[in-house]
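K.L.:
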Amino acid sequence: MPMARTLFLLLVLANLGYFSWTQGWLADIGMAPARQTEPRRLSQQIRPEALTIIGKSSDGSLSGAPASAARATTASEPAPTTR
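Under the numbering used here, the first residue of the sequence shown carries the number 1, and numbering increases by one thereafter.
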């Protein structure tokens, strides 16, 4: 019984240590995870404000798309078959 209790306490302490490390709480003593950033990806974007997100609305038509694009998409879709 004392062995199981000791193992349990060690596992709880290990989990608390890992959680503290991932949250950056140990950065003051020089133990912090490496920061992962991608600054070059932001500089490689070309006119991100020109993006238009297109999704289907509740009536099945495409929202956010020009009318000609919506007609072209719906015209190329096959008609549903019923049995």
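Using N, Cα and C, we set each Cβ at its ideal position, and we do this for glycine too. All values derive from a computational prediction rather than experimental measurement.
Got a sec, what are the start and stop residues for the alpha helix (DSSP H) S43 sits in?
P.N.:
P39 to Q44
K.L.:
Can you tell which of R40, R41 and L26 has the C-alpha that lies nearest to the C-alpha of A34?
P.N.:
L26
K.L.:
May I have the straight-line CA-CA distance separating E49 from V12, to the nearest angstrom?
P.N.:
Between the alpha carbons of E49 and V12 lies a distance of about 47 Å.
K.L.:
Three-state secondary structure (DSSP) at G55?
P.N.:
strand
K.L.:
Under 6 Å Cβ to Cβ from E38, same chain only, skipping five residues before and after it: list those, please.
P.N.:
none
K.L.:
Where does L13 fall in DSSP's three states?
P.N.:
Three-state result, L13: helix.
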